[in-house]
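Residue numbers (UniProt numbering), protein chains in the order written: chain A, 1 to 529; chain B, 1 to 529.
Notes for the one structure printed next.
2 protein chains.
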Amino acid sequence: MTDFRQPGVPARALMPTMSEPRRRRGAERTSHRGPAAIPQLPLRCVENPYPPMQLLSADQVEAIHEASMHILENFGIEVMSPRALSLFEKAGAEVDHATQNVRIDRGLVAEALKTTPSSYTLTPRNPARTIHLGGNRINFTLVAGPPNVHDMERGRRAGNLRDYADLVRLAQHFNCIHMIGNQVCAPIELPANSRHLDTYFANLTLTDKAFHVSAIGRGRALDGISMMAISRGLTLDQLAEDPGVTTIISVNSPRRFDDMMAEGLMTMAEFGQSVAVTPFTLMGAMSPVTLAGALAQQNAEALFGVVLTQLVRPGAPVMYGAFTSNVDMKSGAPAFGTPENTKANVASGQLARRYSLPYRTTPGSASNAADAQGAWETMMALWGAILGHGNLVYHAAGWQEGGLTASFEKFIIDVEMIQHMMEFLRPIDVNEGELALDALGRVPTGGHFFGEPHTLERYATAFYQPLLSNWQNYEAWAEAGGLDATARATRLWKKALEEYVEPAMDLAVREELEAYMAKRREEIGQGEP
Amino acid sequence: MTDFRQPGVPARALMPTMSEPRRRRGAERTSHRGPAAIPQLPLRCVENPYPPMQLLSADQVEAIHEASMHILENFGIEVMSPRALSLFEKAGAEVDHATQNVRIDRGLVAEALKTTPSSYTLTPRNPARTIHLGGNRINFTLVAGPPNVHDMERGRRAGNLRDYADLVRLAQHFNCIHMIGNQVCAPIELPANSRHLDTYFANLTLTDKAFHVSAIGRGRALDGISMMAISRGLTLDQLAEDPGVTTIISVNSPRRFDDMMAEGLMTMAEFGQSVAVTPFTLMGAMSPVTLAGALAQQNAEALFGVVLTQLVRPGAPVMYGAFTSNVDMKSGAPAFGTPENTKANVASGQLARRYSLPYRTTPGSASNAADAQGAWETMMALWGAILGHGNLVYHAAGWQEGGLTASFEKFIIDVEMIQHMMEFLRPIDVNEGELALDALGRVPTGGHFFGEPHTLERYATAFYQPLLSNWQNYEAWAEAGGLDATARATRLWKKALEEYVEPAMDLAVREELEAYMAKRREEIGQGEP
């Protein structure tokens, strides 16, 4: 088996010795899930039962739509892919092959929106972990893409497979994380052209949740699709009817889709897998300094990518992705969890719904530490994501330093904040039992409800039980070491890794995955995947 | 002048030497407000332009209303004040003098609600600081009531006048704090029966903002009312027509108004000053373990207090106060910023609006430190307060340890979070200039907007500029000491105290206040105020 904890050793080198997955069973499992286990919410689909917040009036939504149509019809988008240019040309777009500029009209956009699904599912190898994208459903994902990793004991370091494995184990362990993002960190000790195989393998063996595949080029996308198909025992055709993976297509804003991302997008659509087209529109840098302008640009770029998915395969599952924040205008540094970012998270949901598309959003933070700033910035943007009815809340746990570091402590803090939000979204019950008039009439004035039957029947489950929040009084807390939330988070991620149980996988499936990887490593060699 | 910085010395002892307020002028002021000054939002009325969130259906609101009427009509409220009992009896309530139980029917509630104002103002000595309570206006206050004070350099200590003065100076300095709560800490070195005079004097001389007066008995309330009247050069009759102070009446839940609070409430109403009737309904302890039951109890207790204000003086300004959170059912410890607390903050706004009453709410935290937990708990409950259309967001800055400590660092963190919220609430402009189509057409694909005229014309004010958030990259941040948000907050409150400018007060007014205090100290002697 791949020993993901052994530092500096590529998974590949260990593959010949792979046999049985390391996992706990029976009594050992029980002992780890006993009363001392970290409390957490059960696995459940999260729904937002309340109407989305409307930051934009209907007229403002239309004005932004109109501006984005103006961008698509008059300015166009650069697409650095001959195959994509050809698809657009066939569909009647105005294509300038010299500049690779593509102008599409609103008719083509409307045509594409006729075939986009308003909701769909992603089914991983464990069908109980199926995620629903669309409507009022919400899914939270592990952070994706940081080059670095940080925890309070070992400090900051470059991404590596051991940390990668531990971080996806944490994502597996906590029920509120519904999906693994694309490479929670870059395992830089592995060859760049094949490390995606190792990370897919880690996602598939250490977790049984849906995951994001890299769409930097056709090969990486197809490898992820193929390995998900193997893990579910499906052919690629069968997987196309019941998708299992998604990718994010990060537009090179302003107005450019590069070759690798365009190829990745088309490959995902070709095989019926999900794409979230996500312009990264940092106001003042890659987009206008104004929210209206940035949203117009975001809308044009997102819809352009949506059109491309439908040109490849009508009905292909696709999300409206939005990641609009601002920069620090003194330094150009990106900022997240700002008021502007939060507003964009809400308003972008209004745009996504105008087109009946599932909505991907993100709660980020620029903080360099898992501190109070990390908490308030992520919480701000998370509220924006929730009030905007985000269906896929990407980078929801572990994001630090504006996405440059995956933080173990921030992961735990984010899980706590996500669980707070999940519980907030549970509707208030009002009925005879909940109104408690019997108890209210019985408890004397100035008395207390601790001993009431109404209380005793309900107290064990009445309130959300936090994993990280500390409710001790000051003296007890100080006596116990006076640890702040960040220090307590260190204890918790270590405990969660101890409690973690690797999900079982049939040996035959594992071997088929390994065989696929071996074949692909040979094909790739030192070339491009 | 009172030297509030001198530890352990009662203001009283220093009074004979008082002459001129210590404040900076002219050049010195300019130097302190130069480019290096802490950035902050300008003084403004905060409005929430969006509809309030509806966590309860209209039917659920009515069911809670009905349950609260059942409580008032059948169970009654204990009122430990002969004067209040007499008022209720005259109004037709069923009064049991042996148990001091008062049952009122819905007709009496409806009658009272005919004369309650749906909005009103509190005008402090500086009319520019007038606060508007009602409608979609939001006002944030300094924490009130903690016995302790904490900062990261000096640690935790009992409340004292020097810290009191520094904390109200901070509240004065930051524009987003609209009101001073009741005793930001208890100055325990001063005599308990007259320290309210010293704290009112500090509020009036170190700030020019509205403040909360203690309503623990008639004397403390009337002293606050009188000193506000003196500071504005008004008679008590004139002040009644244009109120300047408020109090919070904390009900002794369940269903009890003690003598001191009832007297305080009646005194405030008698003199036309504002009262926020606020049951402190900790679910599972002082109220049912269920949210519906706690809200029904809260509603009954709040409306009961509202009725009493109108029996004293029809038209007296009164707020619907709500402070419903839960306890840790394992220890009984109070918790704040929980999902349940956040839901209560939203739902209580629905109840307040059912009665057209201004709404007082609170964003608390149970954290023992100014850490990530402090941030996420306060941010959770703050969103509840905002989405619930709180008009008075009480304890909004500096609250720590469930209200047992006023924290200097948490104050700064809270100011940052409040400012984030204020900026979030600024509507998105969508017009030709904001849509930026000229710039969008001009910037090449893959280019950037930094140098665009559209950007240059707007960048200085386009985005919220934080005071505490750090947006440096990791290397620069680490090089500068790698301070987390809490450590940076220490620097900021110290800098804010340096920048603080004491608002001018006419010497005649100050002398009148001092004379009032001297007279009252003699009257009080060692007895009750």
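Glycine is no exception: its CB is placed at the ideal position from the N, C-alpha and C atoms.
Beta-carbon neighbours of residue i, restricted to chain A and to distances below 9 Å
i	result
S331(B)	W471, Q472, N473 and A476
Given residue i as reference, the closest of the options once Cα atoms are compared
i	options	result
G388(A)	R256(A), S348(A) and S253(A)	S348(A)
A316(A)	F323(A), V306(A) and A210(A)	V306(A)
Y164(A)	I177(A), N148(A) and E153(A)	N148(A)
residue 574(B)	A262(B), I216(B), D208(B) and P254(B)	Residue 574(B) is absent from the structure shown; chain B starts at 1 and stops at 529.
V61(A)	L161(A), E73(A) and N299(A)	N299(A)
M227(B)	L170(B), Q273(B) and R488(B)	Q273(B)
S407(B)	V289(B), R103(B) and R154(B)	R154(B)
A210(A)	T247(A), P444(A), L236(A) and D237(A)	T247(A)
N182(B)	G482(B), V168(B) and H173(B)	V168(B)
T290(A)	M268(B), D429(B) and A302(B)	D429(B)
Neighbour flag for residue i against chain E, beta carbons, 8 Å
i	result
G403(B)	Reference to chain E is not applicable here, since the protein chains of this structure are A and B.
CB contact below 8 Å: residue i versus chain A
i	result
A411(B)	Here residue 411(B) is Phe; the residue named in the question, Ala, does not match the sequence. No - not a single Cβ of chain A is within 8 Å of the one on F411(B).
E434(B)	yes
F4(B)	Since pLDDT at F4(B) reaches only 43, below the 50 mark, its modelled position is unreliable, and no value is offered.
V289(B)	yes
D230(B)	Looking at the sequence shown, residue 230(B) is not Asp but Ile. No, no contact with chain A.
E263(B)	no
K495(B)	no
W383(B)	yes
E78(B)	yes
N136(B)	no
Q373(B)	yes
P254(B)	yes
N326(B)	yes
H70(B)	yes
N74(B)	yes
Residues that residue i contacts on chain B, provided the C-beta gap is smaller than 9 Å
i	result
Q297(A)	A436 and L440
T115(A)	Within 9 Å Cβ-Cβ: nothing; T115(A) doesn't reach chain B, min ~27 Å.
Terminal residues of the alpha helix (DSSP H) in which residue i lies
i	result
residue 535(B)	Given that chain B is displayed from residue 1 to residue 529, the structure contains no residue 535(B) and the question cannot be resolved.
T205(B)	R195 to L206
A303(B)	One detail in the question is off: residue 303(B) reads as Leu in this sequence, not Ala. Counting along the chain, the alpha helix (DSSP H) containing L303(B) begins and ends at L291 to V312.
M417(A)	F408 to F424
P453(B)	P453 to L456
Beta carbon proximity, residue i to chain B, threshold 8 Å
i	result
R521(A)	no
V143(A)	no
M380(A)	yes
S367(A)	yes
G34(A)	Unreliable placement is indicated for G34(A), whose pLDDT of 49 sits below 50; no coordinate value is reported for it.
Y50(A)	yes
F55(A)	In the sequence under discussion, the amino acid at residue 55(A) is Leu, which differs from the Phe named in the question. So yes, L55(A) belongs to the interface.
L513(A)	no
D105(A)	no
D163(A)	no
Chain B contact residues for residue i, given Cβ-Cβ distances below 8 Å
i	result
residue 531(A)	Since the first residue shown for chain A is 1 and the last is 529, residue 531(A) is missing from the structure and cannot be characterised.
Q60(A)	I428 and V430
Y464(A)	T338, P339 and E340
R458(A)	V289 and T290
Residue range of the unbroken beta strand (DSSP E) whose run includes residue i
i	result
G155(A)	G155 to A158
L133(B)	I131 to G134
Under 7 Å from the C-beta of residue i: neighbouring residues of chain A
i	result
M417(B)	W376
H97(B)	Within chain A, no residue comes near H97(B); the closest Cβ sits about 15 Å away, beyond 7 Å.
Interface partners of residue i on chain A, CB under 8 Å
i	result
H454(B)	P288, V289, T290 and G293
I64(B)	V430 and L435
Contacts of residue i in chain B (Cβ-Cβ under 7 Å)
i	result
F211(A)	Neighbours of F211(A) on chain B: none; closest Cβ ~27 Å, over 7 Å.
E423(A)	P339
- Task: For the segment 111 to 121 of chain A and the segment 354 to 362 of chain A, state whether three or more C-beta atom pairs, one from each stretch, are separated by less than 8 Å.
- Result: yes
- Item | Three CB pairs or more closer than 8 Å across the segment 283 to 300 of chain A and the segment 334 to 344 of chain A | yes
- Report yes or no: do three or more beta-carbon pairs, one from the segment 464 to 478 of chain A and one from the segment 487 to 505 of chain A, lie closer than 8 Å? yes
- Query: Taking contact to mean at least 3 C-beta pairs separated by less than 8 Å, is the segment 433 to 448 of chain A in contact with the segment 49 to 68 of chain A?
  - Reply: no
- Should the segment 71 to 88 of chain A be called in touch with the segment 268 to 285 of chain A, which here means at least 3 C-beta pairs below 8 Å? no
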